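Terminal number for the sequence shown in my numbering: 620, no gaps in between. Even glycine gets a Cβ: it sits at the ideal position worked out from N, Cα and C. Bear in mind that the values here come from a model prediction, so they are computed numbers and not experimental data. First up is the structure itself, then whatever we jot down about it.
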Amino acid sequence: MSLTRPDKEYAPAPGLAQRWASRYVQRYLRRHPALDSPDPHALKRARRWIIAWAALAGLISGTLIGSAEWWMREFATGHWENMNLREQLPYWAGYLAVAGVVTALEIGFLYWNALRGVANITRLAGLRYGQTETLEPDIQLTVHGVSRSALEYPSPGSLIYGVDPHAYLHGWKLTLKALLYRLKISLSSFLLRLLLRRLLGRLTLRGFLPVLTGPLYAVWNAWIAARIIQEAYLQARGPALVKHLMETLTNSDEHTRRLVVQGVGELIMRNQHPHPNLVLLLARLLNSLPDKPQAIDVDWPAALQDYAQLTGESRKGLLNALTQATLLSGTYKGSRKRFLTEVFATCQTPLRSDEVKAQQQRLFSGQVP
Numbered sequence: 252m253s254l255t256r257p258d259k260e261y262a263p264a265p266g267l268a269q270r271w272a273s274r275y276v277q278r279y280l281r282r283h284p285a286l287d288s289p290d291p292h293a294l295k296r297a298r299r300w301i302i303a304w305a306a307l308a309g310l311i312s313g314t315l316i317g318s319a320e321w322w323m324r325e326f327a328t329g330h331w332e333n334m335n336l337r338e339q340l341p342y343w344a345g346y347l348a349v350a351g352v353v354t355a356l357e358i359g360f361l362y363w364n365a366l367r368g369v370a371n372i373t374r375l376a377g378l379r380y381g382q383t384e385t386l387e388p389d390i391q392l393t394v395h396g397v398s399r400s401a402l403e404y405p406s407p408g409s410l411i412y413g414v415d416p417h418a419y420l421h422g423w424k425l426t427l428k429a430l431l432y433r434l435k436i437s438l439s440s441f442l443l444r445l446l447l448r449r450l451l452g453r454l455t456l457r458g459f460l461p462v463l464t465g466p467l468y469a470v471w472n473a474w475i476a477a478r479i480i481q482e483a484y485l486q487a488r489g490p491a492l493v494k495h496l497m498e499t500l501t502n503s504d505e506h507t508r509r510l511v512v513q514g515v516g517e518l519i520m521r522n523q524h525p526h527p528n529l530v531l532l533l534a535r536l537l538n539s540l541p542d543k544p545q546a547i548d549v550d551w552p553a554a555l556q557d558y559a560q561l562t563g564e565s566r567k568g569l570l571n572a573l574t575q576a577t578l579l580s581g582t583y584k585g586s587r588k589r590f591l592t593e594v595f596a597t598c599q600t601p602l603r604s605d606e607v608k609a610q611q612q613r614l615f616s617g618q619v620p
């Protein structure tokens, strides 16, 4: 455990796929020079192309799979409704073989599109890296993060400087979350098909199946690609924004920084995910303390009591730091919004959601929030 190697803390033992993906991103960055600042126009153009390619892959895949089922029912046999399950099995086997090949090709293309996309977005977001020398630990952490995003890997369950990201997610909930994560595409497709059958009726759906399945897959792939791109951009902005945040805490006292540490630790547990930006921020905060602790024990009730006693600049500095930390870990909603609401309420300070959203908008437009 090292405060100077947050990349090792975040990914102590990356799997084969993640190592391969990280090498791909690193090779891409080495072939393209770093930018001095984010390029908004290039980012918008790259984002559109990545989403468009993902949607096109889904449209083709969905149309082929839907057409295969439609052809099987309408032309492979003339009396499908009169066939029992055993008689239908050879046809279903052929259909599943076709669907399996099409799906495998689609998934392979989507992974390539996502990896190339996050590498390009990471560069265009203004990540500062060297093309010849070894990447710094901060940059390595970002590379690990965007690689996991491109592969759509779930949250790693390892401790982050003593913080358990799954502290609020135990037993069957953790198992169910992992299962749903892996089945999300199949489940969404199945449920939507079931809904369409209810709404349109079986006879109507047969004729519309190829038309409906293609757009369904296209929309789903586009949504996934958009999420991956947004997450990659946020992670790429992380090192610069964490540096800026630490500069704002330069004149704060040790007690305030320890309270920010508690807030960041709690935020990781609330998110149920060790966001690379929060891992880097936590490492920098711990390294700024006199005793440089290698791990922390989050005591949220005690931290809230200390928050309530802060006044003046200490309170203002804490609220500003935790607001920026919240935005560094994702969009202002859900658990992050509830976290920030609780902090501001404890400090007896009105939370201006419009100002927080404005900060978030500046962050995603390439400005410092």
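Does Ser604 come out as helix, strand or coil in the three-state DSSP assignment? Per DSSP, reduced to three states, the secondary structure at Ser604 is helical.
Restricting to Cα atoms, I'd like to know which of Ser565, Leu579 and Gln611 is closest to Thr600. It is Ser565 whose Cα lies nearest to the Cα of Thr600.
Between the Cα of Leu386 and the Cα atoms of Pro490, Arg298 and Ile480, which residue gives the shortest distance? Closest in alpha carbon position to Leu386, among Pro490, Arg298 and Ile480, is Pro490.
Beta carbon of Ile547 nearer than 8 Å to that of Gly516: Yes, the pair counts as a contact, with Cβ atoms nearer than the cut-off.
Check the C-beta distance from Leu591 over to Thr577 and give it rounded, since I have them as a contact under 8 Å. About 5 Å separates the beta carbon of Leu591 from that of Thr577, a gap short enough to meet the 8 Å contact definition.
So Thr464 and Gly317 are in contact, right, with Cβ under 8 Å, and what is the actual spacing, rounded? With 8 Å as the limit, Thr464 and Gly317 qualify as a contact, their Cβ atoms being about 3 Å apart.
CB contact flag (Gly514, Ala554, <8 Å): Yes, Cβ-Cβ distance for Gly514 and Ala554 is below 8 Å.
Does DSSP put Leu480 in a helix, a strand or coil? For the sequence presented, residue 480 should be read as Ile rather than Leu. If DSSP states are grouped into helix, strand and coil, Ile480 belongs with the helices.
Three-state secondary structure (DSSP) at Ile547? Annotated three-state conformation of Ile547 is coil, per DSSP.
Name the DSSP beta bridge partners of Tyr302, please? Sequence check: residue 302 is Ile here, not Tyr. Beta-bridge pairing by DSSP links Ile302 to no other residue.
Pair every Cβ in the segment 405 to 414 with every Cβ in the segment 516 to 528, then say whether three or more of these pairs are closer than 8 Å. Between the segment 405 to 414 and the segment 516 to 528 there are three or more inter-stretch CB-CB distances shorter than 8 Å, so the stretches are counted as touching.
For Arg613, does the count of other Cβ atoms within 10 angstroms reach 16, so buried, or fall short, so exposed? The residue is exposed, with fewer than 16 neighbouring Cβ atoms inside 10 Å.
Take Tyr278 as the anchor and find which of Arg367, Pro289 and Ile302 has the nearest alpha-carbon. According to the sequence displayed, residue 278 carries Arg and not Tyr. Ranked by how close their Cα comes to the Cα of Arg278, the residues Arg367, Pro289 and Ile302 have Arg367 in first place.
Could you give the distance in angstroms between the alpha-carbon of Pro224 and the alpha-carbon of Asn538? In the structure as shown, the chain starts at 252 and stops at 620, and residue 224 therefore has no counterpart that could be examined.
So, under 8 Å CB-CB, Ala401 and Ala272 are touching, yes? Tell me the CB distance rounded to an integer number of Å. The C-beta distance from Ala401 to Ala272 rounds to 6 Å, short enough to meet the 8 Å contact threshold.
Cutoff 8 Å; reference His395; Cβ partners in own chain excluding five residues on either side: Answer for His395: Asp258, Tyr261, Ala262, Pro265, Gln269, Ser273 and Pro527, listed in chain order.
Own chain residues within Cβ distance below 6 Å of Trp304, not counting five before or after: Take Trp304, set aside five residues on each side of it, and the residues of its chain with a beta-carbon closer than 6 Å to its own are Asn364, in chain order.
Asn371 versus Ala319: straight-line alpha-carbon distance, rounded: One C-alpha to the other measures close to 36 Å.
Can Ala308 and Leu361 be called in contact, C-beta distance under 8 Å? Going by C-beta atoms, Ala308 is nearer than 8 Å to Leu361.
Quick check: Val549 and Leu533, are their CB atoms within less than 8 Å of each other? No; because the gap between Cβ atoms is not below 8 Å, this pair is not in contact.
Reference Arg299; option with closest CA among Arg374, Ser586, Leu510 and Ala476: Here the closest residue by C-alpha is Ala476.
Does the Cβ-Cβ distance between Leu375 and Asp290 come in under 8 Å? Contact: yes.
Note down the Cα distance separating Leu392 from Ser312, rounded to an integer number of angstroms. If I take the Cα positions, the gap works out to 34 Å.
Exposed or buried, which one is Asn502 when buried takes at least 16 other CB atoms within 10 Å? Around the beta carbon of Asn502, fewer than 16 other beta carbons sit within 10 angstroms, so the residue counts as exposed.
Beta-carbon contacts of Val530 that lie in its chain and below 7 Å, excluding the five residues immediately before and after: Within the same chain, Cβ atoms closer than 7 Å to the Cβ of Val530 are found at Pro257, Glu260, Tyr261, Leu392 and Ile411, the five residues on either side in sequence being excluded.
Ala487 and Leu378 closer than 8 Å at C-beta: Contact: yes.
According to DSSP, what are the bridge partners of Ile411? Ile411 is bridged by DSSP to Val414.
Close-in-space but distant-in-sequence residues of the same chain around Ser253 (CB under 6 Å, 5 per side omitted): Nothing listed; no residue qualifies.
Contiguous alpha helix (DSSP H) assignments of at least 4 residues, all confined to the segment 471 to 545: DSSP runs (the alpha helix (DSSP H)) wholly in the segment 471 to 545: 505 to 522 and 527 to 539.
Relative to the C-alpha of Glu606, which candidate in Cys598, Leu570 and Val369 has its C-alpha closest? For Glu606, the nearest C-alpha among the options comes from Leu570.
Examine the ligand ZN and report whether any of its heavy atoms sits within less than 7 Å of the Cβ of Cys598. The ligand ZN is not among the ligands present in this structure, which contains no ligands whatsoever.
Once you ignore the five residues that flank Pro466 on each side, which residues in its own chain have a CB closer than 8 Å to its CB? If the five residues before and after Pro466 are omitted, its C-beta is found closer than 8 Å to the C-beta atoms of Leu310 and Gly313, all from its own chain and listed in chain order.
Is Ser624 helix, strand or coil by DSSP? Any question about residue 624 goes unanswered here, given that the chain covers just 252 to 620.
At the level of alpha carbons, what is the spacing between Gly568 and Leu496? Going by C-alpha positions, Gly568 is about 10 Å away from Leu496.
Return helix, strand or coil for Arg278, following the three-state DSSP convention. The answer is helix: DSSP assigns Arg278 an H, G or I state.
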